[in-house]
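Colleague: Last residue of the sequence shown: 360 in our numbering, with the numbers rising by one and none dropped. Take this structure first; my questions come after.
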Amino acid sequence: MYMSRISRKKEHVDYALKTGQSGQTGLDDIQFVHQCVPESSLSACDLTTSVGGLSLSSPFFINAMTGGTNDTMGINDQLSVAARESGLAMAVGSQMSAIQHPEYRRTYSVVRKNNPDGIIIANLGAEASLQDAWTAIDMVGADALQIHLNVMQELIMPEGDRDFRGALERIADIAENVDIPVIVKEVGFGISRESFLKILETGVAAVDVGGSGGTNFALIENLRRSEEPLDMFRDWGLNTAQSLLEVHSVNSEVSVIASGGIRNGLDAARAIALGADAAGMAGFFLKTVTESGVDGVLDAIRQLHRQFKIVMTALGVENLTQLQKVPLVISGATYHWARLRGIDCRIYATR
Ligand SMILES: Cc1cc2nc3c(=O)[nH]c(=O)nc-3n(C[C@H](O)[C@H](O)[C@H](O)COP(=O)(O)O)c2cc1C
């Protein structure tokens, strides 16, 4: 089990790079209504936002990926330098391996060492206990804690979990007893309205929808299986647009994060207009840091901010609160999904 958890970390990185992102996020079905007299200026765009009470200078952040091996420590090292230089928040990958094997703690804590004043997010699975949560938070001096839900990934993973009982109770225990915001996240299969309503009862501060259309863990785990392929599940889940519509259809106070296949500033702006407060990117930053290092990531972040500001300026909005209220026309398969799920797309088109 020990070696399999460690070798899995490296395999996830390698297969994530190999499989890439399908792009089937549904976000292409979301169209802004262009305004030809917006009376706006690119220089007036304010990108600040807030997630679970944490103030962020940018709606973009580096989502949870890795740590736990020497190879993956290099990725955390480089990404955390880019996070420091850009001011972006950054999540580390699941810290369970370092909880069980303290010699790997440095592969996560490097992120705090490189970035003493930045916003760092710890990460654990829903099997974690309150004691695990305290250890993970302490390991990186975390400002928030992500708890990931990855039932489908585990079921396809050859050595994965098969029993998912008690997750909501453990999450509620952690949310009540840690003094930083807790974020529940999916890893690429999305969050439905029904699941969101259950998660809300745990008292967490934020939810990251982690929809399909980006890094695909059904595909990745299937590649790691040597027998009994389960490739029929490659399209399982709610995509990012569907998940955002589902979550936004519930009246709640929790912050919403969009992730799953966000590729550029336009995707992120569409996600914010669908009600998200921030946009997480994992696969995109993994590819960028692997191909072009810290400078490449910093360059990509500058481009993301510019693309996002172009949308804001063309629509005549100056901040994210205004962007969350612009009209949107929802078409195609996303419209079909929303209609059948009782979500009224006219509200978005006429607001
Ligand atoms: C190599 C790799 C490892 C990942 N490991 C974790 C993890 O340990 N914990 C977690 O919550 N999410 C993990 N994720 C999922 C991402 O945080 C994200 O939810 C998912 O990849 C979808 O976003 P993307 O399309 O931008 O990659 C991982 C993603 C990648 C690419």
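For glycine and all other residues, C-beta sits at the position ideal for the given N, C-alpha and C.
Sorry if obvious, but does the Cβ on Glu195 come closer than 8 Å to a heavy atom of ligand 3?
Modeller: Ligand 3 is not part of the structure shown, which contains ligand 1 as its ligands.
Colleague: What alpha helix (DSSP H) runs, 4 residues minimum, are completely inside the segment 67-123?
Modeller: For the segment 67-123, whole alpha helix (DSSP H) runs of length 4 or above, ordered along the chain, are 79-95, 105-109, 115-123.
Colleague: Span of the beta strand (DSSP E) holding Leu232?
Modeller: From DSSP, Leu232 is part of no beta strand (DSSP E) but of the alpha helix (DSSP H) over 226-233.
Colleague: Closer than 8 Å: is that where the CB of Asp170 sits relative to any heavy atom of ligand 1?
Modeller: Because no heavy atom of ligand 1 lies under 8 Å away, the Cβ of Asp170 does not count as near it: no.
Colleague: I'd like the ranges of any beta strand (DSSP E) spanning at least 3 consecutive residues and lying wholly in the segment 286-342.
Modeller: Qualifying beta strand (DSSP E) stretches, in chain order: 287-290, 337-339.
Colleague: Is it a yes or a no for the segment 307-326 touching the segment 45-52, going by three-plus beta-carbon pairs under 8 Å?
Modeller: The segment 307-326, when compared against the segment 45-52, does touch it at the 8 Å Cβ threshold.
Colleague: What is the DSSP secondary structure of Gly274, reduced to helix, strand or coil?
Modeller: Of the three classes helix, strand and coil, the one that applies to Gly274 here is helix, per DSSP.
Colleague: Among Glu185, Ile200, Glu230, which has the Cα closest to the Cα of Glu168?
Modeller: Out of Glu185, Ile200, Glu230, Glu230 has the C-alpha closest to the C-alpha of Glu168.
Colleague: Taking 8 Å as the cut-off, is the beta-carbon of Asn72 closer than that to any non-hydrogen atom of ligand 1?
Modeller: Result yes, Cβ under 8 Å from ligand 1.
Colleague: Using 8 Å for Cβ pairs, my map puts Ala100 next to Asn79. What's the rounded Cβ distance?
Modeller: With 8 Å as the limit, Ala100 and Asn79 do not qualify as a contact, their Cβ atoms being about 20 Å apart.
Colleague: Consider the C-beta atom of Ser103 and the heavy atoms of ligand 1; say whether any pair is separated by less than 8 Å.
Modeller: It does: the Cβ of Ser103 is within 8 Å (strictly closer) of some heavy atom of ligand 1.
Colleague: Return the first residue and the last residue of the beta strand (DSSP E) that Asn132 is part of.
Modeller: Per DSSP, Asn132 belongs to the beta strand (DSSP E) from 129-134.
Colleague: Could you give the uninterrupted runs of the beta strand (DSSP E) lying entirely in the segment 125-180, keeping only those of 3 residues or more?
Modeller: If we require 3 residues or more, the beta strand (DSSP E) runs fully inside the segment 125-180 come out as 129-134, 153-158.
Colleague: Would you grab the beta carbon distance between Ile130 and Gln155 for me? Rounded to a whole angstrom, and I think it's under 8 Å.
Modeller: Rounded, the Cβ-Cβ distance is 5 Å, consistent with contact.
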